[in-house]
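Numbering-wise, the UniProt record's numbering puts 312 at position 312 of the sequence shown, and it's gapless, one number per residue.
Even glycine gets a Cβ: it sits at the ideal position worked out from N, Cα and C.
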Amino acid sequence: CVLTCLSTTGQIPDADLETWRAIEESLKQVDAEVTAKAEMCNSIESMVFDVRPNLDPPASKEDPVYKQLTDQERDTMRQALQNAEDWMYSDGEDATLQVLQDKWSELRSLYAQIVGPYEYRIKQQQWAKDVQLLQQRIQDRLEALNAWLGSEDSAALSDTDRQEAVDYLKQVQEKNVDAVDNTTLEMVQERTALWEDVDKYSDSLHYKKVVAQNAAAAAAEQAPAEPLALPSTDPMPEDAAGPSGAGGMSPSGFYEHICTQKGIKCNSGVMKMLQVPTPETVDLQHNFVGPKGALAVVETVKVIPSVTSLNLRGNNLDNEDIQSIVEHLTDHPNLTSIDLSDNPISVVAGQMLMKFVNANTRIVDLVLDGTLLMKTQKESIAKSLAKNSKQSA
1 CVLTCLSTTG QIPDADLETW RAIEESLKQV DAEVTAKAEM CNSIESMVFD VRPNLDPPAS
61 KEDPVYKQLT DQERDTMRQA LQNAEDWMYS DGEDATLQVL QDKWSELRSL YAQIVGPYEY
121 RIKQQQWAKD VQLLQQRIQD RLEALNAWLG SEDSAALSDT DRQEAVDYLK QVQEKNVDAV
181 DNTTLEMVQE RTALWEDVDK YSDSLHYKKV VAQNAAAAAA EQAPAEPLAL PSTDPMPEDA
241 AGPSGAGGMS PSGFYEHICT QKGIKCNSGV MKMLQVPTPE TVDLQHNFVG PKGALAVVET
301 VKVIPSVTSL NLRGNNLDNE DIQSIVEHLT DHPNLTSIDL SDNPISVVAG QMLMKFVNAN
361 TRIVDLVLDG TLLMKTQKES IAKSLAKNSK QSA
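Structure, rendered in structure tokens:
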């Protein structure tokens with residue numbers, strides 16, 4: 001289609017304007033359909049190339065979903081993918097958008113029928129773990145708050161605030177009981193909301209205490225009291241203090257010390273990385289040390305301010321491990337990049353990592369490929385990382 005261009009100083013006739021607008025709209029529709037067809041082709045190709053490798057060893061023996069498929073299910077899925085690929089490079093090249101959409105729906109339906117139930121079963125198992133972890137975190141916080149209410153540190157609270165706190169903690173305790181069905185995403189979201197509410201209430205209690213202390217100080221014409229943090233629900237590490245943060249030990253010496261404390265064997269690869277006085281990169285991507293070994297490395301990195309990049313890819317870390325990582329690295333002065341890819345972490349970990357990147361604005365790169373985080377969580381974390389990157393620029 002060719003648009004005729006005219007040069008004139010007069011007013012374009014309304015009829016011509018309407019004609020050209022119709023032509024422009026028609027061209028837009030053609031462009032939109034071409035784009036939609038390209039996207040649909042990409043979707044079909046992506047499924048073929050993403051799913052097929054998982055149907056055969058070694059992935060078929062290692063992946064928690066695909067290793068459960070029967071031989072017949074593998075053959076059926078493999079044949080469907082091959083047929084789709086053959087069709088794409090023959091009839092598919094001239095297919096209409098509707099035909100492409102039908103082919104995609106057919107392939108996706110088969111995937112949902114064969115692989116879907118196994119995927120959902122894995123998700124249910126992870127959701128159950130998430131709920132248990134959240135319930136334990138809530139219980140730990142309740143016990144810490146109850147202990148704090150009985151300590152001298154909370155003496156500044158008014159009787160009204162104290163009674164309100166007692167009533168609130170009792171209500172949360174009644175809600176934080178074992179769920180009848182803890183294998184649903186809704187239950188994970190419910191427990192997450194309860195945990196966040198308890199977390200906010202802890203902050204509000206702290207604020208009320210500080211206000212009461214400052215008011216008492218002003219009344220006595222004294223300097224306002226400095227805010228004091230509520231007791232943590234987790235023990236703080238008893239690392240030796242020193243100029244290097246490791247009590248004067250070398251990085252490798254401190255790592256060896258931590259491994260001895262945990263009763264695990266030092267990894268020779270990690271020891272080699274930590275031989276330099278001021279290591280900047282600690283990479284476990286090709287050095288599987290497992291959860292305990294990885295946490296020993298994290299505790300070591302915590303006291304080595306020179307580290308800027310930490311790679312923990314594929315070390316079988318779970319949500320509880322992420323909690324420890326966040327607690328140890330939130331205040332690290334120079335760490336900017338962490339890779340947590342290919343670890344079975346999910347929704348709860350996503351919540352913790354979101355708070356982590358907001359608290360430590362030096363983190364500008366957090367890789368989460370091959371995890372069970374929701375797409376929306378990854379997008380939110382990516383936005384926070386982009387914000388951190390702008391601030392550090």
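| query | result |
| --- | --- |
| Would GLN68 and THR192 qualify as a contact pair, given that the criterion is a beta-carbon distance under 9 Å? | no |
| With distances taken from CA atoms, which of VAL347, ILE264, GLU45 and SER306 is nearest TYR89? | GLU45 |
| To which residues of the same chain is GLY269 closer than 7 Å at the C-beta, ignoring the five residues directly before and after it? | ASN287 |
| Nearest by alpha-carbon distance to TRP195: which of VAL131, ASP167 and ASN214 is it? | VAL131 |
| Would you give the residue range spanned by the beta strand (DSSP E) that ASN311 belongs to? | 309-311 |
| Provide the residue span of the beta strand (DSSP E) that contains THR278, from first to last. | Where THR278 is concerned, there is no enclosing beta strand (DSSP E), given that its DSSP letter is neither H nor E. |
| Using three-state DSSP, classify MET236 as helix, strand or coil. | Its pLDDT being 33, under 50, MET236 is placed unreliably by the model, and the measurement read from it follows with that caveat. Coil, per DSSP. |
| List the DSSP bridge partners of LEU366. | ILE338 |
| According to the neighbour-count rule (16 or more other Cβ atoms, all chains shown, within 10 Å of its Cβ), is ASP14 buried or exposed? | exposed |
| Expressed to the nearest angstrom, what Euclidean distance is found between the alpha-carbon atoms of SER389 and SER337? | 11 Å |
| For the alpha helix (DSSP H) that contains LEU317, what are its first and last residues? | Premise fails: LEU317 is in no alpha helix (DSSP H) and is neither H nor E. |
| Within 10 angstroms of the Cβ of MET273, are there 16 or more other Cβ atoms? Answer buried if so, exposed if not. | buried |
| Going by DSSP, what residue range makes up the alpha helix (DSSP H) through GLY290? | 290-302 |
| Which residues in the same chain as GLU119 place their Cβ atom closer than 8 Å to its Cβ, once the five residues preceding and following it in sequence are excluded? | VAL65 |
| Going by alpha carbons, who is nearest to LYS262 out of LEU368, ASP161 and ALA294? | ALA294 |
| Would you say VAL307 and LEU335 are within 9 Å of each other, going by their C-beta atoms? | yes |
| Is the number of C-beta pairs between the stretch 313-330 and the stretch 355-373 that are closer than 8 Å three or more? | yes |
| State the start and end residues of the unbroken alpha helix (DSSP H) segment that holds GLY350. | 347-359 |
| Can you tell me which of SER380, VAL347 and ASP161 puts its alpha carbon nearest to the alpha carbon of VAL185? | The residue you asked about is not Val; residue 185 is Leu in the sequence shown. Closest option to LEU185, Cα to Cα, is VAL347. |
| Since GLU320 and ILE258 are thought to touch, with beta carbons under 8 Å apart, how far apart are those beta carbons, to the nearest angstrom? | In fact, because the Cβ distance is near 18 Å, the residues do not count as touching under 8 Å. |
| Please name the residue in LEU133, LEU169, VAL51 and ASN214 whose C-alpha comes closest to that of TRP148. | LEU169 |
| Please state whether DSSP places THR371 in a helix, a strand or coil. | coil |
| Run through DSSP, which three-state label would TYR111 get? | helix |
| Exposed or buried, which one is GLN20 when buried takes at least 16 other CB atoms within 10 Å? | In the sequence as presented, Gln is not what sits at residue 20; that position holds Trp. Flag for TRP20 reads exposed. |
| Quick check on the DSSP output: the alpha helix (DSSP H) that includes ASP91 runs from which residue to which? | No alpha helix (DSSP H) holds ASP91; DSSP gives it neither H nor E. |
| May I have the straight-line CA-CA distance separating PRO251 from GLN275, to the nearest angstrom? | 7 Å |
| Taking the alpha-carbon of GLY116 as reference, which of GLU73, ASP102 and LEU145 has the nearest alpha-carbon? | GLU73 |
| Just to confirm my understanding: we take PRO243, look at its own chain, exclude 5 residues before and 5 after, and list those with CB closer than 6 Å. What are they? | Residue confidence for PRO243 is low, a pLDDT of 33 falling below 50, so the modelled location carries little weight and cannot support an answer. |
| Quick check on DSSP: helix, strand or coil for HIS332? | coil |
| Apply the 10 Å Cβ neighbour rule to GLY92 and answer buried if 16 or more other Cβ atoms are within range, or exposed otherwise. | buried |
| Do you know offhand how far GLU378's Cα is from ASP16's? | It should be noted that the sequence gives Lys, not Glu, for residue 378. Their Cα atoms are separated by approximately 50 Å. |
| Between the alpha carbons of LYS200 and LEU368, how many angstroms are there, rounded? | 27 Å |
| In the structure shown, what three-state DSSP assignment does residue 480 receive? | Nothing can be reported for residue 480: it is not among the residues displayed for the chain, which extend from 1 to 393. |
| Consult DSSP for GLN79 and reduce its assignment to one of helix, strand or coil. | helix |
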